[in-house]
Amino acid sequence: MQYRCTVQYIWLQFCEVWPMCHTVWGLVTTAFQTPCKSLTVASSIALARRCSGPLPAPSLGHLLPRPAIAPERRSARRLNHGCLLIAVTPPGHPGELRSPSGCSLYGPGTMTSRVALKVAMRAAGNSPGAAGALGASLSGRGSLWAPVAPAMASVGTSRGQSSPTAVAMEEQVRWVNLKVVRERMKTVSNIGKICKAMKLVAAAKLRGVQSLQQASRPFAVGMGDFFSKMDELEAATTAEASKKDPTGDKKKQLIIAVTSDRGLCGGVNAVIVKEVKLMMAEDEGRTPTGIMLVGDKGREPMRRVHGDEIVVSFKDVFKAPVTFPQVCMIAEDVLSRSYTDVILVYNRFKSAMEQEPVRKPIVGLSTLLESASVFDEYEFDSDMDSAQVFVDLFEFQLATQLYNALLENATSEQAARMSAMDNASRNSTDMHAKLALTANRVRQAGITTELSEIVAGAASVS
Amino acid sequence: MVQYWRAAGVSYLRYSNLCADALRSALKPAAAKKGAAKTPFSMTKSTWEAGKPVARVQLEPAGMETAAVGK
């Protein structure tokens, strides 16, 4: 068969040159039912670099076989951002490689990443890894290509240039990208379902723990009111103490950081860690400090920075609803350590949308005993030493405040989880909608390409 | 006068919990069902030294077995 050489100059503005070449090539191959030995590509080197970065030069050889045309006719003309296609067509061919259906094969930005994949496969021969990398560099969207590489391995290995199986393989490759998008859609919708379920669970748990928290508040507030007299006194005594002991040698504080056991609950735990770090920074190491961790999520971030200060940690505290005997065990641990000051750091539940980290100092036993005279207006049992009552009261107060703090934090955790999961499930819906659009676009592009190939084939035969 | 339980080295919290347990166990079945049933819990306490947890203890409610039998 005599071939006539037709030269097409294709001007492209974007980096879609390789896929474009391939489409034209595919068109010719389909039309003539032969491996297209007569089409070659000359590209601007600058462009090749721009499209792909490390696009290997020999890949051109894989991409298109050496042309069987006279060197003088193979005039490759370099354009600034374009490439030159030389297509050799048989006699009688219109000489224009234009899509019969009129779809803009030559226009910029018409390439789908699916086509880029096929080019990449051709270019990389049988090496799927290289093809994946090249495909990624061609499309400029690295992430989308990673899952395609294994799929290509099976398709790419046995591909011959023109055998009927090669055509079938090509058909498979054509829909690979659609398959990837559909799989991702499935994943996204599954995760969305999980998030929604977690939100519902958090909402149910929130109701339960909120009623407990509301029941515990009067105790904490009542005790707080009773000891509110102490606040002024405490200020006075600390001032006095600082006079006696300006370096604060005798002072020893324990920070109880209340966090949750489980994650996926927004910033609830992060703010507590931040607050404790801030407290440590404010103190500048003047006071010997111990940190007690209640809940598992504060553990890792605290260990990294203040590992040496951590004295004890509790986990699985919030597995079952918090009970007072449980809190008493934690409080007894606090009592067994000799700290002059205890500061509770937890999230106070304001509303389902709002939680705030608070520091609640608990009046120390020594301060309480020193300033017992404030409570002279109260009557004590005659057979009991008032100091003992204060010791009891101090223990009870510590447990009550701790109990309230744990419940406030548990309520905040559930509320934060609820809103976090709500956001997550909404995001997954958005993402799913976007992916559905992409999938439809890919599907339609595939159909269009097939149609144009068929029409072109029919046109050339007739 | 020092309370006997304190003299025995029991804290107020422990004392009050023991009293509550005693009261719960003394309740008649109907009232016991109504009166706050003790939810079982199991938490882990780790003691830290020099930035590393060195000892781990499993904490469970005291006398939980008897409470479970009582139910």
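Protein chains in written order, with this note's numbering: chain A, 1 to 462; chain B, 1 to 71.
Every residue, glycine too, gets a C-beta built ideally from N, C-alpha and C.
Fair warning: this is a prediction, and the values are worked out from it, not measured in the lab.
### Query
How many angstroms separate the CA atom of F394 (chain A) from the CA atom of E377 (chain A)?
Here the question's residue 394 (chain A) lines up with position 394 in the first sequence. Here the question's residue 377 (chain A) lines up with position 377 in the first sequence. Computed Cα separation, rounded: 18 Å.
### Query
Alpha carbon to alpha carbon, what distance is there between V442 (chain A) and D261 (chain A)?
If you number the first sequence from 1, residue 261 (chain A) lands on position 261. If you number the first sequence from 1, residue 442 (chain A) lands on position 442. If you take the alpha carbons of D261 (chain A) and V442 (chain A), they lie about 44 Å apart.
### Task
Could you spell out the range, first to last residue, of the beta strand (DSSP E) harbouring L293 (chain A)?
Locating residue 293 (chain A) in the first sequence gives position 293, counting from the first residue. That run of the beta strand (DSSP E) goes T289 to V294.
### Query
Taking the alpha carbon of G290 (chain A) as the point to measure from, which residue in A:L206, A:A270 and A:I343 has its own alpha carbon closest?
Position 290 of the first sequence, counted from the start, is the residue given in the question as residue 290 (chain A). It is A:I343.
### Query
Any beta-carbon of chain A closer than 9 Å to the one on G9 (chain B)?
In the second sequence, counting from the first residue as 1, residue 9 (chain B) sits at position 9. For G9 (chain B), the answer is no, since every Cβ of chain A falls outside 9 Å of its Cβ.
### Task
Spell out whether any CB of chain B is found under 9 Å from the CB atom of R303 (chain A).
For the purposes of this step, residue 303 (chain A) is taken as residue 303 along the first sequence, with counting starting at 1. Chain B, which has a Cβ nearer than 9 Å to the Cβ of R303 (chain A), makes this yes.
### Query
Which chain A residues sit within Cβ distance under 7 Å of K34 (chain B)?
Taking the second sequence and counting its residues from 1, one reaches residue 34 (chain B) at position 34. Those do not exist, as K34 (chain B) stays about 16 Å from chain A at its closest Cβ, beyond 7 Å.
### Beta-carbon gap between L27 (chain B) and F396 (chain A) smaller than 9 Å
Walking along the second sequence from the start, residue 27 (chain B) turns up at place 27. Walking along the first sequence from the start, residue 396 (chain A) turns up at place 396. It is not a contact, given that the beta carbons lie outside the stated cut-off.
### Query
Near S428 (chain A), what residues of its chain come up, given a Cβ to Cβ distance below 8 Å and the 5 sequence neighbours on each side ignored?
Position 428 of the first sequence, counting from 1, holds the residue named residue 428 (chain A). V188, S189, I191, G192 and C195.
### Query
In terms of alpha-carbon separation, which member of A:G364, A:V322 and A:R417 lies closest to Q355 (chain A)?
As a working note, residue 355 (chain A) is residue 355 in the first sequence. Among A:G364, A:V322 and A:R417, the Cα nearest to that of Q355 (chain A) is on A:R417.
### Query
Which residues in chain B sit within 8 Å of Q388 (chain A), going by Cβ to Cβ distance?
Walking along the first sequence from the start, residue 388 (chain A) turns up at place 388. Neighbours of Q388 (chain A) on chain B, chain order: V2, Q3 and R6.
#### Entry: Contact residues within the segment 44-56 of chain B, judged by C-beta distance below 8 Å to chain A
For the segment 44-56 of chain B, the set of positions with a beta-carbon nearer than 8 Å to some beta-carbon of chain A reads T44, K45, S46, T47, W48, A50, G51, K52 and P53 in chain order.
### Query
In whole angstroms, what separates the C-alpha of L437 (chain A) from that of K350 (chain A)?
Numbered from 1 along the first sequence, position 437 holds the residue referred to as residue 437 (chain A). Numbered from 1 along the first sequence, position 350 holds the residue referred to as residue 350 (chain A). Each residue's Cα considered, the two are about 41 Å apart.
### Query
Pick from A:G285, A:Y346, A:K319 and A:A197: whose alpha carbon is nearest that of A257 (chain A)?
Indexing the first sequence from 1 puts residue 257 (chain A) at position 257. Per the Cα distances, A:Y346.
### Task
Identify the continuous alpha helix (DSSP H) that holds M302 (chain A) and give its terminal residues.
For the purposes of this step, residue 302 (chain A) is taken as the residue at position 302 of the first sequence. Start and end: R299 to H306.
### Message
By the DSSP assignment, the alpha helix (DSSP H) with S211 (chain A) in it spans what residues?
### Response
Translated into positions along the first sequence, residue 211 (chain A) becomes position 211. Unbroken alpha helix (DSSP H) run through S211 (chain A): V176 to F226.
### Query
DSSP three-state call for M43 (chain B): helix, strand or coil?
The sequence position of residue 43 (chain B) within the second sequence is 43, counting from 1. Of the three classes helix, strand and coil, the one that applies to M43 (chain B) here is strand, per DSSP.
### Task
Using beta-carbon positions only, say whether L278 (chain A) and A415 (chain A) come within less than 9 Å of one another.
Looking up residue 278 (chain A) in the first sequence gives position 278. Looking up residue 415 (chain A) in the first sequence gives position 415. No, these two residues do not count as a Cβ contact at 9 Å.
### Message
In this structure, how does DSSP classify S338 (chain A) when only helix, strand and coil are distinguished?
### Response
Indexing the first sequence from 1 puts residue 338 (chain A) at position 338. In the structure shown, S338 (chain A) sits in coil (DSSP, three-state: anything other than H, G, I, E or B).
### Message
With the cut-off set at 9 Å, would you say R348 (chain A) and P357 (chain A) are in Cβ contact?
### Response
The residue given as residue 348 (chain A) occupies position 348 in the first sequence. The residue given as residue 357 (chain A) occupies position 357 in the first sequence. Yes, these two residues count as a Cβ contact at 9 Å.
### Query
Would you say P325 (chain A) faces chain B, with C-beta separation under 9 Å as the test?
Counting from 1 along the first sequence, the entry for residue 325 (chain A) is found at position 325. It does; some Cβ of chain B falls within 9 Å.
### Query
Would DSSP call A55 (chain B) helix, strand or coil?
On the second sequence, residue 55 (chain B) is found 55 positions in, with the first residue counted as 1. DSSP, read as helix, strand or coil, puts A55 (chain B) in strand.
### Message
If I follow the unbroken alpha helix (DSSP H) through L18 (chain B), where does it start and stop?
### Response
Numbered from 1 along the second sequence, position 18 holds the residue referred to as residue 18 (chain B). Here the alpha helix (DSSP H) through L18 (chain B) covers Y12 to A26.
#### Entry: Nearest residue (CA-CA) to S101 (chain B), options A:L368, A:S336 and A:E275
Residue numbering for chain B in the displayed model covers 1 to 71; residue 101 (chain B) lies beyond these limits and cannot be assessed.
### Query
Nearest to R304 (chain A) by CA position, among B:Q3, B:G51 and B:K34, is which residue?
Here residue 304 (chain A) refers to the residue found at position 304 when the first sequence is read from its first residue. The candidate whose alpha carbon is nearest that of R304 (chain A) is B:G51.
### Query
By how many angstroms is the C-alpha of E282 (chain A) removed from the C-alpha of V311 (chain A)?
For the purposes of this step, residue 311 (chain A) is identified with residue 311 of the first sequence, where counting begins at 1. For the purposes of this step, residue 282 (chain A) is identified with residue 282 of the first sequence, where counting begins at 1. Straight-line Cα distance between these residues: approximately 20 Å.
### Query
Interface residues of chain C around L18 (chain B) at Cβ under 7 Å?
Within the model displayed, chain C is absent; protein chains A and B are what it includes.
### Task
Could you work out which residues of chain B lie near K474 (chain A), taking near to mean beta carbons separated by less than 7 Å?
The question about residue 474 (chain A) has no answer, for chain A in this structure spans 1 to 462.
### Task
Evaluate the contact criterion for the segment 263-271 of chain A versus the segment 311-327 of chain A: three or more CB pairs, one atom per stretch, below 8 Å.
In short, these stretches do not touch, since the Cβ pair count stays below three.
### Message
Nearest by alpha-carbon distance to K487 (chain A): which of A:F380, A:F314, A:D341 and A:K229 is it?
### Response
Any property of residue 487 (chain A) remains undetermined from this structure, which presents chain A solely from 1 to 462.
### Message
By alpha-carbon positions, which one of A:L402, A:R184 and A:G307 ends up nearest to Q213 (chain A)?
### Response
For the purposes of this step, residue 213 (chain A) is taken as the residue at position 213 of the first sequence. If we check each option's Cα against that of Q213 (chain A), A:L402 comes out closest.
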